[in-house]
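Engineer: In the working numbering, the protein residues as written are 1 to 181. By construction, the Cβ of each residue, glycine as well, lies at the ideal position given by its N, Cα and C atoms. Note that the coordinates shown come from a computational prediction; the quantities given were computed from them, not determined experimentally.
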Amino acid sequence: MENKFLEKVSQAWSTELPYSETMDDYLDELLPSARSMGEDLREDHFYLNKPWLEFRDDEKFHDTILHFYNEGGEYLKSVNGDVSNGSWRYLESSNKMMIEDELYDLAYLDSEFFILSKHGDQKRLKKRKYFVMVFEPVGRKLEWRNVVEKLYGKYRNSNNFYYFLAFMVVLIVILVALLSQ
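Here's what the structure looks like:
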């Protein structure tokens, strides 16, 4: 009986990622909830001097694009091994980032994911809303749907911990109440 109860509780917490056609749609669903778990751009040790692999949901996108944000505002972009350089800048007062001549808002950042959203109404312009990058050792063998599932799994596992913690606190309170009678 105990196992069935725990199984029911764990099933309630293991929700599946709802299906969407595009990466932007998935991220529109996921990021508002996951954002609170992420970091801010001022915590630059999360993204400086690391290889960030770009992901897109475009069927015609087959390039391997790495982005490097180095100290001093140096920006390196490798497209299939051909490197170009430029600059990036953190706009401290607004938690935004300029890469070359494009402005981005932070959508999500942690040690594995670096997701920016291009400033402006990209949907109306029929352009990609999100600039999705994954730390290269993590994303090397993934497809874009796997990337979204991995981010969702991180979010779900973090929430499960808090649900479990709340459940344990309630259980302890009930036990204390029962034992004190």
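Quick check on the DSSP output: the beta strand (DSSP E) that includes Y108 runs from which residue to which?
Structural biologist: Taking the sequence shown and counting its residues from 1, the one referred to as residue 108 is at position 108. Counting along the chain, the beta strand (DSSP E) containing Y108 begins and ends at 102-109.
Engineer: Tell me whether the beta-carbon of S111 lies closer than 9 Å to the beta-carbon of F135.
Structural biologist: Your numbering for residue 111 matches position 111 in the sequence shown. Your numbering for residue 135 matches position 135 in the sequence shown. Yes, they are a contact pair.
Engineer: Between the C-alpha atoms of K127 and G120, what's the straight-line distance to the nearest angstrom?
Structural biologist: Looking up residue 127 in the sequence shown gives position 127. Looking up residue 120 in the sequence shown gives position 120. Approximately 10 Å between the Cα atoms of the pair.
Engineer: Measure how close the beta-carbons of W88 and Y108 come, nearest whole angstrom, since I'm counting them as under 8 Å.
Structural biologist: Walking along the sequence shown from the start, residue 88 turns up at place 88. Walking along the sequence shown from the start, residue 108 turns up at place 108. Not really, about 18 Å apart at Cβ, beyond 8 Å.
Engineer: Which two residues bound the contiguous alpha helix (DSSP H) that contains E54?
Structural biologist: Stepping through the sequence shown from its first residue, residue 54 is reached at position 54. Premise fails: E54 lies in the beta strand (DSSP E), 52-55, not in any alpha helix (DSSP H).
Engineer: On the CB-based measure, 16 or more other CB atoms within 10 Å of its CB, does A177 come out buried or exposed?
Structural biologist: Residue 177 sits at position 177 when you count from the first residue of the sequence shown. A177 comes out exposed.
Engineer: State yes or no: is the C-beta of L66 within less than 9 Å of the C-beta of W52?
Structural biologist: Reading the sequence shown from its first residue, position 66 is the one you call residue 66. Reading the sequence shown from its first residue, position 52 is the one you call residue 52. Contact: yes.
Engineer: How long is the line joining the alpha carbons of V79 and E59, rounded to whole angstroms?
Structural biologist: Against the sequence shown, residue 79 aligns to sequence position 79. Against the sequence shown, residue 59 aligns to sequence position 59. Their Cα atoms are separated by approximately 17 Å.
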